[in-house]
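A.B. asks: Under this note's numbering, read the sequence shown as residues 0 to 400, first letter to last. C-beta: ideal position from N, C-alpha, C; glycine also.
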Amino acid sequence: MAAPMRITILSRNRSDVYCTALKQAIACRLITNQNTIPKKKNKFIDSLRIYVRGGGGGQGFPRYGGIGGKGGDVVVTATKKLTLSDVRNNNIKKRFLAQNGLNSRKFRLLGEPGEDLNIPVPVGVVLRTDEGRQLGDLNKDGQQVIVARGGKGGNPENGFLGQRGDSKEITLDLKLIADIGLVGFPNAGKSTFLSAISRAMPKIAEYPFTTIRPQIGIIQYPDFRKISVADLPGLIEGAHNNYGMGHKFLKHVERTKMLIIIVDINGFSLGVKHVHRSAFENILLLNKELELYLPELVDRPAILVLNKIDTDNQSGDTVKQILQQVQNSPDSLNEVDKYMHPTTLMKFDGIFTISAKEKQGLDKVLHAVRQKLDHYAELKRPEIETEVEHVHYETLTKTLI
């Protein structure tokens, strides 16, 4: 009897050991899988469609003349340090519903109004309906727009029946707010330039359309002055007609104070089947694309940067030719096809030759950028002071009255 008992105990111990080992292996596998599964990054988005609905009005109380509470409004508020990705992640269903007003009751004849619903959005958002009607342009922190009003509470005018709140689909369209916008065709070196002058780390490679989303970099000067730079995805011919998602990219230029046009001195071709354009032709085409998208862009302060001078193996002859063409641009137009001619030629405040890859010539560009933006700020200051004086005068007048 003793021997069988010993065998049973041994078998049970082995079984326990096996189960324990199996559990540990499964646990380790789970931990390994958790560590190896890549976390989904918050991708930059510049457009978000949402549904909004104001709260319904509360029902009235006809017998005692009670009035139902008004439904809450849906309010959109511009908020710093926020992205559209945050807005989406905070409400995955993208449905924003304000609170309904409370019904009138025998012992509370005036129904309480529903609470307003506040939607924080990034500064720089434009609100549009599906029909294209603009509801608001939030370009300052704290600005608010009511996008859906709550329904009226039940009262004698509507037969004591609470009214429905407004409801609609709206698009939050973000236009980046930056001091400078980098504009150029694909593979001109915009991302390399941005990474060389700031701490931004955009994707850089030797093929077109490396940048598919706008990037923001910050230039910090020795006196701690900071200037923001937006690197926009490369444009293609016909961008003003939304070819290559041109409108999606060009809209970010609208709020910039200054443009930097970056051109590859070797010219550019989108592919084997596309015509190769010279650097001068690229300058004219970029000028024309900006003009056709928004005519006032060609009057904006701008500088021209000729990139990749490290590839000029002809003693600088290529750069000299481009500079000569740009400086004599009215006469040089005869050298290119008429369809490339812009109606208004951009007047550059400076033309610079650089190698973003080798970090050559960047200091001169940064100095010119700082000088131009400071000059722009000085020109705007009298307007701001006039506005402040006007507001102060109105306030003082109202106080005296």
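Within a Cβ cutoff of 7 Å, which residues of the same chain sit near ASN34, ignoring the five residues on either side of it in sequence?
C.D. replies: Numbered from 1 along the sequence shown, position 35 holds the residue referred to as residue 34. Here ASN34 scores only 47 on pLDDT, less than 50, and its place in the model is too uncertain to base an answer on.
A.B. asks: Would you check if the distance between the CB atom of ARG87 and the CB atom of LYS93 is smaller than 8 Å?
C.D. replies: As a working note, residue 87 is residue 88 in the sequence shown. As a working note, residue 93 is residue 94 in the sequence shown. Yes, the Cβ-Cβ distance between ARG87 and LYS93 is below 8 Å.
A.B. asks: If you reduce the DSSP assignment to three classes, tell me which class PHE408 lands in.
C.D. replies: No statement about residue 408 is possible, as the shown extent of the chain runs from 0 to 400 and does not include it.
A.B. asks: Measuring straight from C-alpha to C-alpha, what distance separates PRO185 and ASN99?
C.D. replies: As a position in the sequence shown, residue 185 is number 186, starting the count at 1. As a position in the sequence shown, residue 99 is number 100, starting the count at 1. Distance between the alpha carbons of PRO185 and ASN99 is about 51 Å.
A.B. asks: Would you identify the three-state DSSP class for ALA229, choosing helix, strand or coil?
C.D. replies: For the purposes of this step, residue 229 is taken as the residue at position 230 of the sequence shown. Three-state result, ALA229: strand.
A.B. asks: Could you check which residue in LYS174, GLN219, ALA187 and TYR50 has the C-alpha nearest to that of ILE196?
C.D. replies: Numbered from its first residue, the sequence shown carries residue 196 at position 197. Closest by alpha carbon: GLN219.
A.B. asks: I need the boundaries of the alpha helix (DSSP H) containing ASN89, first residue and last residue.
C.D. replies: Translated into positions along the sequence shown, residue 89 becomes position 90. 83 to 89 is the extent of the alpha helix (DSSP H) around ASN89.
A.B. asks: Taking the straight line between their C-alpha atoms, what separation do you get for GLY70 and SER166?
C.D. replies: Within the sequence shown, the letter at position 71 stands for residue 70. Within the sequence shown, the letter at position 167 stands for residue 166. Distance between the alpha carbons of GLY70 and SER166: 12 Å.
A.B. asks: Hey, quick one: how far does the alpha helix (DSSP H) through VAL318 stretch, first residue to last?
C.D. replies: For the purposes of this step, residue 318 is taken as the residue at position 319 of the sequence shown. It spans 316 to 326 - the alpha helix (DSSP H) in which VAL318 sits, taken as one unbroken run.
A.B. asks: My assumption, with CB atoms under 8 Å, is that ASN312 sits in contact with ILE353. Please give the rounded CB distance.
C.D. replies: Residue 312 sits at position 313 when you count from the first residue of the sequence shown. Residue 353 sits at position 354 when you count from the first residue of the sequence shown. 17 Å between Cβ atoms; not a contact.
A.B. asks: Examine the Cβ distances between the region 339 to 358 and the region 288 to 299 and report whether three or more of them are shorter than 8 Å.
C.D. replies: Yes, the region 339 to 358 is in contact with the region 288 to 299.
A.B. asks: Taking its Cβ as the centre, do 16 or more other Cβ atoms sit within 10 Å of GLU280, making it buried, or is it exposed?
C.D. replies: For this step, residue 280 is matched to residue 281 along the sequence shown. So GLU280 ends up on the buried side.
A.B. asks: So, GLY65 versus GLY56, is the Cβ gap smaller than 8 Å?
C.D. replies: Within the sequence shown, residue 65 is the residue found at index 66, counting from 1. Within the sequence shown, residue 56 is the residue found at index 57, counting from 1. For GLY65 and GLY56, no; Cβs fall outside 8 Å.
A.B. asks: Counting only the same chain and skipping the five closest in sequence on each side, list residues whose C-beta sits under 6 Å from that of VAL252.
C.D. replies: Here residue 252 refers to the residue found at position 253 when the sequence shown is read from its first residue. Cβ within range, chain order: GLY180.
A.B. asks: Around the Cβ of ASN333, are there at least 16 other Cβ atoms within 10 angstroms (buried) or fewer (exposed)?
C.D. replies: Position 334 of the sequence shown, counting from 1, holds the residue named residue 333. Flag for ASN333 reads exposed.
A.B. asks: So, using beta-carbon positions, are GLY110 and SER103 closer together than 8 Å?
C.D. replies: Position 111 of the sequence shown holds residue 110. Position 104 of the sequence shown holds residue 103. Yes, they are a contact pair.
A.B. asks: Might you give, ordered along the chain, the residues of its own chain that have their beta carbon closer than 7 Å to the beta carbon of VAL347, omitting 5 neighbours on each side?
C.D. replies: As a working note, residue 347 is residue 348 in the sequence shown. The sequence given here has Phe at residue 347, not Val. Closer than 7 Å at Cβ, skipping near neighbours: ALA301, ILE302 and LEU303.
A.B. asks: Would you kindly work out how many angstroms separate the C-alpha atoms of LEU108 and VAL125, rounded to a whole number?
C.D. replies: Here residue 108 corresponds to residue number 109 of the sequence shown, with the count starting at 1. Here residue 125 corresponds to residue number 126 of the sequence shown, with the count starting at 1. Roughly 41 Å separates the two Cα atoms.
A.B. asks: The ligand NAP heavy atoms versus the CB of ILE218: any closer than 7 Å?
C.D. replies: Looking for the ligand NAP in the displayed structure turns up nothing, as the structure carries no ligands at all.
A.B. asks: Given a cut-off of 8 Å, decide if TYR50 and GLU130 are closer than it, judged by their beta-carbon atoms.
C.D. replies: Residue 130 sits at position 131 when you count from the first residue of the sequence shown. Residue 50 sits at position 51 when you count from the first residue of the sequence shown. Cβ atoms of GLU130 and TYR50: not closer than 8 Å.
A.B. asks: Compute the Euclidean distance between the alpha carbons of PRO121 and GLY216, then round it to the nearest angstrom.
C.D. replies: In the sequence shown, counting from the first residue as 1, residue 121 sits at position 122. In the sequence shown, counting from the first residue as 1, residue 216 sits at position 217. When rounded, the distance between both Cα atoms is 17 Å.
A.B. asks: Please report the distance separating the alpha-carbon of ASP115 from that of TYR63.
C.D. replies: Position 116 of the sequence shown, counting from 1, holds the residue named residue 115. Position 64 of the sequence shown, counting from 1, holds the residue named residue 63. Distance between the alpha carbons of ASP115 and TYR63: 28 Å.
A.B. asks: My output table needs one value for MET339: the three-state DSSP class, helix, strand or coil.
C.D. replies: Walking along the sequence shown from the start, residue 339 turns up at place 340. Helix, per DSSP.
A.B. asks: Please check the pair GLN143 and VAL74, which I expect to be a contact at CB under 8 Å, by giving their CB distance rounded to whole angstroms.
C.D. replies: Mapped onto the sequence shown, residue 143 falls at position 144. Mapped onto the sequence shown, residue 74 falls at position 75. Correct: roughly 5 Å between the Cβ atoms.
A.B. asks: Just verifying my parser: in three-state terms, what is the DSSP assignment at GLY269?
C.D. replies: Taking the first residue of the sequence shown as 1, we reach residue 269 at position 270. Here the sequence assigns Leu to residue 269, which means Gly is not the residue at that position. Here LEU269 sits in coil by DSSP.
A.B. asks: For the alpha helix (DSSP H) containing LYS401, name the first residue and the last one.
C.D. replies: The structure shown does not extend to residue 401, since the chain is modelled only from 0 through 400, so no value can be given for it.
A.B. asks: So ARG52 packs on LEU96, CB below 8 Å; how close in whole Å?
C.D. replies: On the sequence shown, position 53 is the one that residue 52 refers to. On the sequence shown, position 97 is the one that residue 96 refers to. About 5 Å; that satisfies the 8 Å criterion.
A.B. asks: Do THR255 and ALA367 come within 8 Å of each other at the CB atom, strictly closer than that value?
C.D. replies: Position 368 of the sequence shown, counting from 1, holds the residue named residue 367. Position 256 of the sequence shown, counting from 1, holds the residue named residue 255. No, these two residues do not count as a Cβ contact at 8 Å.
A.B. asks: Helix, strand or coil for GLN142? Go by DSSP, reduced to three states.
C.D. replies: Locating residue 142 in the sequence shown gives position 143, counting from the first residue. Residue state, collapsed to three classes: coil.
A.B. asks: Could you give the C-beta distance for ALA355 and GLY188, rounded to a whole number, given that I count them as a contact under 8 Å?
C.D. replies: Residue numbering aside, residue 355 sits at position 356 when the sequence shown is read from its first letter. Residue numbering aside, residue 188 sits at position 189 when the sequence shown is read from its first letter. Rounded, the Cβ-Cβ distance is 5 Å, consistent with contact.
A.B. asks: Closer than 6 Å by C-beta to LYS432: which residues in its own chain qualify, once you throw out the five before and the five after it? Chain order, please.
C.D. replies: Given a span of 0 to 400 for the chain in the structure shown, any question on residue 432 remains unanswerable.
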